[in-house]
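Participant: Here it is, the structure, as structure tokens.
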Amino acid sequence: MSRPNTFVFTGILALLGGVMAFMALSKGVLLITAHEGDIYHLLDILFRLDAGQVQHKDFMTPLGILAFLPAAEFMERGYGVGYSLLAGQVVVAAVLLPVIIYAALTRLPSLAAYIFGVYLLVLIFAMIYGGAGVETSVSMQYNRWAWAIAFPLVVLAVLDPIGRDRPWLDGLIIGACLSALVLLKITFFLALLPGVVFALAARRDWPRLIYMTAAGAVTFLAMSAWLGYGFWIGYLSDLLTVAGSTARPYPGVSLPELISSPSHMVPILLGLFAYMYLGKSDRRIEALAILIFLPGLVYITYQNFGNDPKWLMLFAILLLALYQQLRGSSSLGSETGIEIPILASVAIALALPSAATLGLSQLRHFARSDEIYVPMLPQQIGHQDILVQANRAFTMNAEIELDRREPYWHKYSELAGRGEPISLAGTEFPRCELAAASLAFLEGISADLETANLPENSQIFTTDILTVFWLFTSDQPLEGGAPWYYGGLSGLENADFVLVPKCSFYGLMHSVMIDELNAAPVTLYPVRENELYVLFQVG
Numbered sequence: 010m011s012r013p014n015t016f017v018f019t020g021i022l023a024l025l026g027g028v029m030a031f032m033a034l035s036k037g038v039l040l041i042t043a044h045e046g047d048i049y050h051l052l053d054i055l056f057r058l059d060a061g062q063v064q065h066k067d068f069m070t071p072l073g074i075l076a077f078l079p080a081a082e083f084m085e086r087g088y089g090v091g092y093s094l095l096a097g098q099v100v101v102a103a104v105l106l107p108v109i110i111y112a113a114l115t116r117l118p119s120l121a122a123y124i125f126g127v128y129l130l131v132l133i134f135a136m137i138y139g140g141a142g143v144e145t146s147v148s149m150q151y152n153r154w155a156w157a158i159a160f161p162l163v164v165l166a167v168l169d170p171i172g173r174d175r176p177w178l179d180g181l182i183i184g185a186c187l188s189a190l191v192l193l194k195i196t197f198f199l200a201l202l203p204g205v206v207f208a209l210a211a212r213r214d215w216p217r218l219i220y221m222t223a224a225g226a227v228t229f230l231a232m233s234a235w236l237g238y239g240f241w242i243g244y245l246s247d248l249l250t251v252a253g254s255t256a257r258p259y260p261g262v263s264l265p266e267l268i269s270s271p272s273h274m275v276p277i278l279l280g281l282f283a284y285m286y287l288g289k290s291d292r293r294i295e296a297l298a299i300l301i302f303l304p305g306l307v308y309i310t311y312q313n314f315g316n317d318p319k320w321l322m323l324f325a326i327l328l329l330a331l332y333q334q335l336r337g338s339s340s341l342g343s344e345t346g347i348e349i350p351i352l353a354s355v356a357i358a359l360a361l362p363s364a365a366t367l368g369l370s371q372l373r374h375f376a377r378s379d380e381i382y383v384p385m386l387p388q389q390i391g392h393q394d395i396l397v398q399a400n401r402a403f404t405m406n407a408e409i410e411l412d413r414r415e416p417y418w419h420k421y422s423e424l425a426g427r428g429e430p431i432s433l434a435g436t437e438f439p440r441c442e443l444a445a446a447s448l449a450f451l452e453g454i455s456a457d458l459e460t461a462n463l464p465e466n467s468q469i470f471t472t473d474i475l476t477v478f479w480l481f482t483s484d485q486p487l488e489g490g491a492p493w494y495y496g497g498l499s500g501l502e503n504a505d506f507v508l509v510p511k512c513s514f515y516g517l518m519h520s521v522m523i524d525e526l527n528a529a530p531v532t533l534y535p536v537r538e539n540e541l542y543v544l545f546q547v548g
């Protein structure tokens, strides 16, 4: 098997990583053109951490501590939040680069190694989740980082080492990767663990399994010593709350819709074909491992925003490596074994649009002028280095129900299947959902709250997904609240007031929260109403 030259390969990846780091940090500002709501959730968490709050204790989130720790560390040292988010990506790349290089040099032939290394650096530094758009945003960065950890994890677990065998080092890296996924986004850990364990156990690779387990145990003890065992209890509680919530069980389409869609049916069929062809060779364990990984990889895609099947590139890399190992062997089940590289080529072709979007996103961000952008946090001194496109920040577009508002269209309301009007404590609310203008929404309501003469440090529960008014006022964040709504009215027990916007950013969750408030054992008294919101005092 043709392996990449160690020094050339390492030098190329280090140079590429350095160029990407320079492009990220030399810009001076972070420009956002999409997913502002998710960015505000991210900012909510980062500023809570900067204020000394502890994740899973003072606020709720199903995401692990590593999703925010890189940026939070820079903020603690006085850097602006925009710079901190970009510098966090540089730190993640620096930490993962040795793992990426090691996995490539010990498992992959030249072509697969370079695809592997370049793609993962692009993934870490990307300024968008994937897809095929031209937007720039660092929202959901934890998904990209988790994929960047998953690739070397799977490669090290499935493929035999090339050259010197180091079971202790492989096992420690595999265990560290699994531990990182637990502390980043546990969906990846749960989905990939069965395949990892099978791949090692089927080869009776007990040393790697033992070292893997040891690395996990050390991580558990280290985190417990740092944050206490209560950290794990709080994390588990948050995960169980989300698992039992019906508010947003998945971020895109349902699982049956995903599996039956052409964009995912073809990749799944590729995986099944690969199992069939590899199963005819002497690589049956690898074939079974790919088959076991497949449902988990599809489930990760289902749980990630955009339903972008990034595992296609991993699948292609595995096939290219296995083909090199089997090339010239009649055990492939045909004279040439050409089916395997064909499947790998198709997988790369299917993954290429998303990969191109990821790669070009940083170039777009670097080349864009900030003339048409405004600060996302105008009130936060020292943190005005994160900017949003002005037209997205202030364009007040909304989706409303005309068949409820306008007498002429009312006759169609019943035919359209409209439900009952939503109301809380005797106050009826229109069904209205904003399409943009997150900054205008936050500034408008926050400015009005500042004139409401509320008691100092009032705790406000908001029936919407955009709740970071405290970053625009002198108030404090809701103790025990959730920056994103996951059901269960988190933080309501500490609230002095309930704020209900008359036009929300997520109509479904807005109405679900109102329904839950109506069922909750609390008494609410309206104390302030205007065209923006109704404010209720908790009795």
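Everything in the sequence shown is counted per this note's numbering, starting at 10 for the first residue and increasing by one.
Beta carbons are placed, not taken as given, at the ideal position from N, Cα and C, and that holds for glycine.
Based on Cα-Cα distance, which residue from Ala200, Leu132, Asp412, Leu218 lies nearest to Leu165?
Facilitator: Working through the sequence shown from its first residue, we reach residue 165 at position 156. For the residues Ala200, Leu132, Asp412, Leu218, the minimum Cα distance to Leu165 belongs to Leu218.
Participant: Using the Cα positions of Ser188 and Gln389, report the straight-line distance between them to the nearest angstrom.
Facilitator: Here residue 188 refers to the residue found at position 179 of the sequence shown. Here residue 389 refers to the residue found at position 380 of the sequence shown. Their Cα atoms are separated by approximately 35 Å.
Participant: Which class does Tyr596 belong to by DSSP, given the choice of helix, strand or coil?
Facilitator: This structure cannot settle anything about residue 596, because the visible part of the chain is limited to 10 through 548.
Participant: From what residue to what residue does the beta strand (DSSP E) around Arg537 run?
Facilitator: The count along the sequence shown starts at 1 and reaches residue 537 at position 528. Per DSSP, Arg537 belongs to the beta strand (DSSP E) from 533-538.
Participant: Pick helix, strand or coil for Cys441, following the three-state DSSP scheme.
Facilitator: Translated into positions along the sequence shown, residue 441 becomes position 432. Looking at Cys441 - three-state DSSP - the assignment turns out to be strand.
Participant: Using C-beta distances below 6 Å, list every residue in its chain close to Ile48, excluding the 5 sequence neighbours before and after it, in chain order.
Facilitator: Taking the first residue of the sequence shown as 1, we reach residue 48 at position 39. Closer than 6 Å at the Cβ level, and outside the excluded window around Ile48, lie Ile41, Ser148.
Participant: If you follow the beta strand (DSSP E) that Val543 is in, where does it begin and where does it stop?
Facilitator: Taking the first residue of the sequence shown as 1, we reach residue 543 at position 534. Taken as a continuous stretch (DSSP letters only), the beta strand (DSSP E) holding Val543 covers 542-547.
Participant: Could you check what DSSP says for Ile85 in three-state terms: helix, strand or coil?
Facilitator: Position 76 of the sequence shown, counted from the start, is the residue given in the question as residue 85. Here residue 85 turns out to be Glu, not Ile, going by the sequence shown. It is helical.
Participant: Does Glu45 pass the burial test, meaning 16 or more other C-beta atoms within 10 Å, or should it be called exposed?
Facilitator: By one-based count along the sequence shown, residue 45 stands at place 36. With 16 or more Cβ atoms within 10 Å of its Cβ, Glu45 is classed as buried.
Participant: Exposed or buried, Lys36, counting other C-beta atoms within 10 Å across all chains shown (16 or more means buried)?
Facilitator: What you label residue 36 is simply residue 27 of the sequence shown in a count that begins at 1. So Lys36 counts as buried.
Participant: Taking Met405 as the reference, which of Leu448, Tyr421, Leu463 has the closest Cα?
Facilitator: Taking the first residue of the sequence shown as 1, we reach residue 405 at position 396. Looking at the Cα atoms, Leu448 is the closest of the given residues.
Participant: Can you list, in chain order, the residues of its chain with a C-beta nearer than 8 Å to that of Leu34? Leave out the 5 residues immediately preceding and following it.
Facilitator: The sequence position of residue 34 within the sequence shown is 25, counting from 1. Closer than 8 Å at the Cβ level, and outside the excluded window around Leu34, lie Tyr92, Leu95, Ala96, Val99.
Participant: Fully enclosed by the stretch 165-240, which beta strand (DSSP E) runs are 3 residues long or longer?
Facilitator: Runs of the beta strand (DSSP E) inside the stretch 165-240: none found.
Participant: Since Leu508 and Ala529 are thought to touch, with beta carbons under 8 Å apart, how far apart are those beta carbons, to the nearest angstrom?
Facilitator: By one-based count along the sequence shown, residue 508 stands at place 499. By one-based count along the sequence shown, residue 529 stands at place 520. Actually they are not in contact, since the Cβ atoms of Leu508 and Ala529 sit about 15 Å apart, beyond 8 Å.
Participant: Per DSSP, Glu408 is paired with what?
Facilitator: Sequence index remark: in the sequence shown, residue 408 carries index 399 (1-based). DSSP output for Glu408 lists Glu442 as bridge partner(s).
Participant: Alpha helix (DSSP H) containing Pro265: first to last residue?
Facilitator: In the sequence shown, the residue the question calls residue 265 occupies position 256. Taken as a continuous stretch (DSSP letters only), the alpha helix (DSSP H) holding Pro265 covers 264-269.
Participant: Which same chain residues end up closer than 6 Å to Phe302 when comparing Cβ atoms and leaving out the 5 residues on each side of it in sequence?
Facilitator: For the purposes of this step, residue 302 is identified with residue 293 of the sequence shown, where counting begins at 1. Hits under 6 Å: Gly204.
Participant: Going by C-alpha to C-alpha distance, which of Gln398, Leu475, Ser354 sits closest to His374?
Facilitator: Counting from one through the sequence shown, the residue named residue 374 turns up at place 365. The residue with the shortest Cα to Cα distance from His374 is Gln398.
Participant: Quick test of your reading: Ala157 and Leu132, contact by CB under 8 Å. State the CB separation rounded to the nearest angstrom.
Facilitator: The count along the sequence shown starts at 1 and reaches residue 157 at position 148. The count along the sequence shown starts at 1 and reaches residue 132 at position 123. That belief holds up - the Cβ atoms of Ala157 and Leu132 are roughly 5 Å apart, short of 8 Å.
Participant: Assign Glu344 to one of two classes, buried (16 or more other C-beta atoms within 10 Å of its C-beta) or exposed (fewer than that).
Facilitator: Residue numbering aside, residue 344 sits at position 335 when the sequence shown is read from its first letter. Because the pLDDT at Glu344 is just 46, under 50, the model does not fix this residue reliably, and the value given afterwards should be weighed accordingly. It is exposed - the Cβ of Glu344 has fewer than 16 other Cβ atoms within 10 Å.
Participant: Between which two residues does the alpha helix (DSSP H) holding Gln371 run?
Facilitator: Here residue 371 corresponds to residue number 362 of the sequence shown, with the count starting at 1. It spans 348-376 - the alpha helix (DSSP H) in which Gln371 sits, taken as one unbroken run.
Participant: State the start and end residues of the unbroken beta strand (DSSP E) segment that holds Gln398.
Facilitator: Here the question's residue 398 lines up with position 389 in the sequence shown. Where Gln398 is concerned, the enclosing beta strand (DSSP E) stretches over 395-398.
Participant: Counting C-beta neighbours from all protein chains within 10 Å, is the total for Thr482 16 or more, i.e. buried, or is it exposed?
Facilitator: For the purposes of this step, residue 482 is identified with residue 473 of the sequence shown, where counting begins at 1. Under this definition Thr482 is a buried residue.
Participant: Any beta-carbon of chain D closer than 8 Å to the one on Leu544?
Facilitator: The structure shown contains no chain D; it is built from a single protein chain.
Participant: Leaving out five residues on either side along the sequence, give the residues of the same chain with a beta carbon under 7 Å from the beta carbon of Phe282.
Facilitator: In the sequence shown, the residue the question calls residue 282 occupies position 273. Cβ within range, chain order: Leu352.
Participant: Tell me where the beta strand (DSSP E) around Phe470 begins and ends.
Facilitator: For the purposes of this step, residue 470 is taken as the residue at position 461 of the sequence shown. 469-471 is the extent of the beta strand (DSSP E) around Phe470.
Participant: Along the chain, where does the beta strand (DSSP E) that runs through Tyr382 open and close?
Facilitator: Residue 382 sits at position 373 when you count from the first residue of the sequence shown. From DSSP, the beta strand (DSSP E) with Tyr382 extends over 382-384.
Participant: Excluding the five sequence neighbours on either side, which residues of its own chain have a C-beta within less than 8 Å of the C-beta of Ala425, listed in chain order?
Facilitator: Residue numbering aside, residue 425 sits at position 416 when the sequence shown is read from its first letter. Cβ neighbours of Ala425 beyond the five flanking positions: Asp412.
Participant: Applying the 10 Å Cβ sphere with the 16-neighbour rule, what's the burial state of Ser233?
Facilitator: For this step, residue 233 is matched to residue 224 along the sequence shown. With fewer than 16 other Cβ atoms within 10 Å, it is exposed.
Participant: Let me check understanding here. Comparing Cα to Cα, which of Thr472, His65, Ala80 lies closest to Phe56?
Facilitator: As a working note, residue 56 is residue 47 in the sequence shown. Taking only the C-alpha atoms, the option nearest Phe56 is Ala80.
Participant: Leu517: buried (16+ other C-beta within 10 angstroms of its C-beta) or exposed?
Facilitator: Taking the sequence shown and counting its residues from 1, the one referred to as residue 517 is at position 508. By the neighbour-count rule (16 or more Cβ atoms within 10 Å), Leu517 is not buried but exposed.
Participant: Are Phe160 and Leu323 closer than 8 Å when you measure CB to CB?
Facilitator: Residue mapping note: residue 160 aligns to position 151 of the sequence shown, counting from 1. Residue mapping note: residue 323 aligns to position 314 of the sequence shown, counting from 1. Result yes, Cβ atoms of Phe160 and Leu323 sit closer than 8 Å.
Participant: Tell me which residue opens and which closes the alpha helix (DSSP H) that Ser11 is part of.
Facilitator: Stepping through the sequence shown from its first residue, residue 11 is reached at position 2. Neither: Ser11 is in no alpha helix (DSSP H) and is coded neither H nor E.
Participant: In this structure, does DSSP put Leu249 in helix, strand or coil?
Facilitator: Position 240 of the sequence shown, counted from the start, is the residue given in the question as residue 249. Residue state, collapsed to three classes: helix.
Participant: Sort Phe198, Arg212, Gly237 by Cα distance to His65 and report the nearest one.
Facilitator: Working through the sequence shown from its first residue, we reach residue 65 at position 56. Answer by Cα proximity: Gly237.
Participant: Look up Ser499 in the DSSP assignment and say whether it is helix, strand or coil.
Facilitator: On the sequence shown, residue 499 is found 490 positions in, with the first residue counted as 1. Coil, per DSSP.
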